[in-house]
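Input: a single structure, listed below in structure tokens.
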Amino acid sequence: MTTLLTSPRDLVRADAVHRSVYTDPAIFDLEMERIFGRAWLYLAHDSELPKPGDYVVRHMGTQGVILTRGKDGAVHAIFNRCSHRGATLCAFEKGSAPAGHQCPYHGWLFNPDGTLKGIPHPGGYDGVLDKSDLAITKVRTATYRGFIFGNLAGDAAGPLEDFLGHMKTSIDDLVDRSPTGQLEVGKYQLRHYYRANWKMTFENLNDTIHPGFAHSASVVSAKAVMAEVGAENVVPTVGMMLANGKPIQFFQNLDMVTVPGGHSYIGGHMGANYTPDTADAYTAALIAHHGPERAKEVLSVDRHLMLLYPSSFWHARYQTIRIMRPVRHDLTEMIGYTFRLVGAPEETHVNAIEYCTGANSAASPVIADDLEIYERCLEGNAYDAREWVPMARGLGEVREQDNARTRSPSTSEIYIRNQFAAWAAYMGAEA
Amino acid sequence: MIVPLITEVTALIELEAALLDDCRYPEWLALFTEDCLYWAPVSPEMVSPREGPSHFRDDRQIMMVRTHRLANPRAFGAEPSPRTLHVISSVRIEEDRGEELLASSSQIMLEYRNRGRFEEDQRAFGSRVRHRLRRTPEGLRIAEKRIDLINAEGAFNAMAAPL
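Residue numbers (the numbering used here), protein chains in the order written: chain A, 215 to 645; chain B, 3 to 165.
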């Protein structure tokens, strides 16, 4: 195992990356400090905290934070850690604490913004305790169109909108699809985990070459079932599996867009759609809200996954966001959330739920194959003297480039090179 | 001889699990109705798979794809193939509605995949399972199998074998 004798920047070349970035626990620790400690991380949606006192617990890298709606209506983020003995305050992922967060150990009570509200037996602290010194550390937050992001770097971080850049358009794509401009988070989340590095998911989800191989078994099986039931009777989930069987030339023609910061998306290519009744009712509702021209514009946007480096994956068409939670260098959790387009037919949310199940369940035939591959890569990258992992596919195939974005064929590994350019910039900056 | 209903129901639930353990998938599928639902929710509170995502939310077509794939040697997520063992206990008939009846059972499924990773290669899934059974001219058939994993809300690693 490599130790960090050299600068992390030396682990990234223009066309290859050193394998230790996937296997070295010391690099993982530095990533938590320098990437997850500096980037804007998507945490929660406004609709998860409808009333004062409502809270959710989320992770920023390996650290737990509590987001609570205050009486003033603002959302406050603080570490999930009592400032007395260090116990976590919240045991549940969500709940309501209108009276404040109370530590289960000695009953210290905190306001949503982390200030100390009360302690038991205050006489024991007479003249020795300054309550203001014992406020829980706050985490800086910012909201874009109802989506709450946090940043552990506090004032040292730039504005959220600069971080998002062109990727704002993919968040707009999600919100604008609502016939009321409102989204509501689904009640249930779907989680899977794998025993490999967090970056594997970022490097896999918009990889358009692997499906024809890694997912060939589900394509073969989906085709066999289609032959048995008839193409016109294929259900959407099976349709999604068939989408993985498209020829490579299809993906070569499709665009991939990469932007500074490690973010990317590719053009839409999933076959499943609403039933005619749902589509008609939905389109009518959208026209009523946006007017016919704008509604047409909203529906014409067709993007597959937006990868918001380093922690979330957004699919506007299927109203699904997945948050990646890095646990260890060799352990990663993925958490899937669906969103209801408020005012749209309920079937549109059912469609999102179906996508989320197919895309994020550990029991999804497609995901099961991916997880197996991630774990094989972790194992294999510990072997042999070959230390560099190439990421050269499509180098020199750029179609168009300006300051905001680069357009390439979706078969290119440019999105991986772009992620590692961001990785090296975060990791190489010492303070 | 008249077989008591509980005996018939228990035999069916045990047969269903045994067919999975023996990888006899076409026979397993034949126990389910055309309009069946095979469902492992992410919370015991869910009343419908339309409320949110699920670990498994299979109609017959997805069950067909899933089992066809398990028999395909290039299914990486199932390579090497999982070997399973179901242990079933506490079979009860919860409700008899005439055309359909509801039965519940406690099930533990052990799953083993030989990946050379010692104890990580074997997992245990514990569930309260509910079968909605339909009386048909061919006998009892499964209209719905709902698997409430005791850790339903948790994160899972790849699950290739049906529970």
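Heads up, the beta-carbon is just placed ideally off N, CA and C, and yes, glycines get one too.
Helix, strand or coil for residue 58 of chain B? Go by DSSP, reduced to three states.
In the second sequence, residue 58 of chain B corresponds to position 56, counting from 1. Note: residue 58 of chain B maps to strand in three-state DSSP.
Would you say residue 532 of chain A reaches chain B, if we count a Cβ-Cβ gap shorter than 8 Å as a contact?
Stepping through the first sequence from its first residue, residue 532 of chain A is reached at position 318. No, residue 532 of chain A lies away from the interface with chain B (no Cβ there is under 8 Å from its Cβ).
Could you spell out the range, first to last residue, of the beta strand (DSSP E) harbouring residue 269 of chain A?
Position 55 of the first sequence, counted from the start, is the residue given in the question as residue 269 of chain A. Unbroken beta strand (DSSP E) run through residue 269 of chain A: 268 to 274.
Closer than 8 Å, CB to CB, is residue 428 of chain A near chain B or not?
In the first sequence, counting from the first residue as 1, residue 428 of chain A sits at position 214. Yes, contact with chain B.
Would you identify the three-state DSSP class for residue 570 of chain A, choosing helix, strand or coil?
Within the first sequence, residue 570 of chain A is the residue found at index 356, counting from 1. The answer is helix: DSSP assigns residue 570 of chain A an H, G or I state.
Taking 8 Å as the threshold (C-beta atoms), are residue 158 of chain B and residue 57 of chain B in contact?
The count along the second sequence starts at 1 and reaches residue 57 of chain B at position 55. The count along the second sequence starts at 1 and reaches residue 158 of chain B at position 156. In contact: residue 57 of chain B and residue 158 of chain B (Cβ atoms closer than 8 Å).
Looking at the secondary structure, which residues open and close the beta strand (DSSP E) in which residue 37 of chain B lies?
Within the second sequence, numbered from 1, the residue matching residue 37 of chain B stands at position 35. Run containing residue 37 of chain B: 34 to 43, per the beta strand (DSSP E) assignment.
So with CB distances below 8 Å, who are the chain B contacts of residue 587 of chain A?
Here residue 587 of chain A corresponds to residue number 373 of the first sequence, with the count starting at 1. Within chain B, the residues near residue 587 of chain A are 78.
Since residue 2 of chain B is in the beta strand (DSSP E), which residue starts that stretch and which ends it?
Nothing about residue 2 of chain B can be read from this structure; chain B reaches only from 3 to 165.
Taking 7 Å as the limit between beta carbons, can you name the residues of its chain near residue 408 of chain A, skipping five residues before and five after?
Along the first sequence, one-based indexing puts residue 408 of chain A at 194. The residues are 546, 585, 588, 589.
What number of angstroms, rounded off, separates the C-alpha of residue 568 of chain A from the C-alpha of residue 508 of chain A?
Taking the first residue of the first sequence as 1, we reach residue 568 of chain A at position 354. Taking the first residue of the first sequence as 1, we reach residue 508 of chain A at position 294. Those two C-alpha atoms are separated by around 27 Å.
List, in order along the chain, the chain B residues whose C-beta lies closer than 8 Å to that of residue 210 of chain A?
Outside the modelled stretch of chain A, which goes from 215 to 645, sits residue 210 of chain A, for which no answer is possible.
Less than 8 Å between CB atoms is the rule here; does residue 591 of chain A satisfy it with respect to chain B?
By one-based count along the first sequence, residue 591 of chain A stands at place 377. Answer no: the Cβ-Cβ gap between residue 591 of chain A and chain B never drops below 8 Å.
Suppose you measure from the CA of residue 351 of chain A to the CA of residue 543 of chain A; what does that come to, to the nearest Å?
In the first sequence, the residue the question calls residue 351 of chain A occupies position 137. In the first sequence, the residue the question calls residue 543 of chain A occupies position 329. Between residue 351 of chain A and residue 543 of chain A, the C-alpha separation is close to 26 Å.
Taking DSSP as the reference, what is the three-state secondary structure of residue 185 of chain A?
In this structure chain A extends from 215 to 645, so residue 185 of chain A is not present and cannot be described.
Should residue 154 of chain B and residue 38 of chain B be called a contact, given that it needs their Cβ atoms to be closer than 8 Å?
If you number the second sequence from 1, residue 154 of chain B lands on position 152. If you number the second sequence from 1, residue 38 of chain B lands on position 36. No, they are not a contact pair.
Cβ atoms of residue 31 of chain B and residue 65 of chain B: under 8 Å apart, would you say?
Reading the second sequence from its first residue, position 63 is the one you call residue 65 of chain B. Reading the second sequence from its first residue, position 29 is the one you call residue 31 of chain B. Their beta carbons are under 8 Å apart, which means residue 65 of chain B touches residue 31 of chain B by this criterion.
List the residues of chain A whose Cβ lies closer than 9 Å to the Cβ of residue 48 of chain B, in chain order.
Reading the second sequence from its first residue, position 46 is the one you call residue 48 of chain B. Simply 401, 402.
State the DSSP-derived secondary structure class of residue 623 of chain A, mapped to helix, strand or coil.
The residue you call residue 623 of chain A lines up with position 409 of the first sequence. Residue 623 of chain A: strand per DSSP, three-state reduction.
Would you verify that the beta carbon of residue 583 of chain A is, or is not, closer than 8 Å to some beta carbon of chain B?
Stepping through the first sequence from its first residue, residue 583 of chain A is reached at position 369. For residue 583 of chain A, the answer is yes, since a Cβ of chain B falls inside 8 Å of its Cβ.
Taking DSSP's pairing of strands, which residues face residue 98 of chain B in a bridge?
Sequence index remark: in the second sequence, residue 98 of chain B carries index 96 (1-based). Bridge partners of residue 98 of chain B: B:103.
Do we get a CB-CB distance below 8 Å when we pair residue 74 of chain B with the residues of chain A?
Walking along the second sequence from the start, residue 74 of chain B turns up at place 72. Residue 74 of chain B counts as touching chain A.
Runs of 3 residues minimum, wholly inside the region 368 to 438 of chain A: which ones carry the beta strand (DSSP E) assignment?
You should have 397 to 399, 404 to 408.
Confirm, please, whether the CB-CB distance from residue 70 of chain B to residue 578 of chain A is below 8 Å.
Within the first sequence, residue 578 of chain A is the residue found at index 364, counting from 1. Within the second sequence, residue 70 of chain B is the residue found at index 68, counting from 1. Not in contact: residue 578 of chain A and residue 70 of chain B (Cβ atoms no closer than 8 Å).
Is it buried or exposed, residue 617 of chain A, if we count other Cβ atoms within 10 angstroms and call 16 or more buried?
Position 403 of the first sequence, counted from the start, is the residue given in the question as residue 617 of chain A. Burial call: exposed.
Please classify residue 327 of chain A: does DSSP put it in a helix, a strand, or coil?
Taking the first sequence and counting its residues from 1, one reaches residue 327 of chain A at position 113. Coil, per DSSP.
Below 7 Å between beta carbons is the criterion; list the residues of the region 113 to 134 of chain B that meet it against any residue of chain A, in chain order.
Cβ contacts with chain A come from no residue of the region 113 to 134 of chain B.
State the Cα-Cα distance for the pair residue 11 of chain B and residue 26 of chain B, rounded to the nearest angstrom.
The sequence position of residue 11 of chain B within the second sequence is 9, counting from 1. The sequence position of residue 26 of chain B within the second sequence is 24, counting from 1. Their backbone Cα atoms lie some 20 Å apart in a straight line.
Anyone know if the C-beta pair for residue 564 of chain A and residue 52 of chain B falls short of 8 Å?
As a first step, residue 564 of chain A must be located in the first sequence, where it is residue number 350. As a first step, residue 52 of chain B must be located in the second sequence, where it is residue number 50. In contact: residue 564 of chain A and residue 52 of chain B (Cβ atoms closer than 8 Å).
Could you confirm whether any beta carbon from chain B is found closer than 8 Å to the beta carbon of residue 279 of chain A?
As a position in the first sequence, residue 279 of chain A is number 65, starting the count at 1. No, because no Cβ of chain B sits closer than 8 Å to the Cβ of residue 279 of chain A.
Using beta carbons (cut-off 8 Å, strictly below), is residue 304 of chain A in contact with chain B?
As a working mapping, residue 304 of chain A is identified with position 90 in the first sequence. Residue 304 of chain A does not count as touching chain B.
Can you tell me whether residue 397 of chain A is buried or exposed? The criterion is at least 16 other CB atoms within 10 Å of its CB, across all chains shown.
By one-based count along the first sequence, residue 397 of chain A stands at place 183. The residue is buried, with at least 16 neighbouring Cβ atoms inside 10 Å.
Could you please give the first and the last residue of the uninterrupted alpha helix (DSSP H) stretch that includes residue 212 of chain A?
Absent from the structure is residue 212 of chain A, since the part of chain A shown begins at 215 and ends at 645.
Once you ignore the five residues that flank residue 369 of chain A on each side, which residues in its own chain have a CB closer than 8 Å to its CB?
To locate residue 369 of chain A, count along the first sequence from 1; it is residue 155. Excluding positions up to five away in sequence, the list reads 354.
Just the chain A side, please: which residues come within less than 7 Å of residue 161 of chain B by C-beta, in chain order?
Looking up residue 161 of chain B in the second sequence gives position 159. By Cβ distance, chain A contributes 576, 577, 582.
Could you tell me how far apart the beta carbons of residue 624 of chain A and residue 465 of chain A are, in whole angstroms, since I believe they sit closer than 8 Å?
The residue labelled residue 624 of chain A in the question sits at position 410 within the first sequence. The residue labelled residue 465 of chain A in the question sits at position 251 within the first sequence. Confirmed, about 5 Å.
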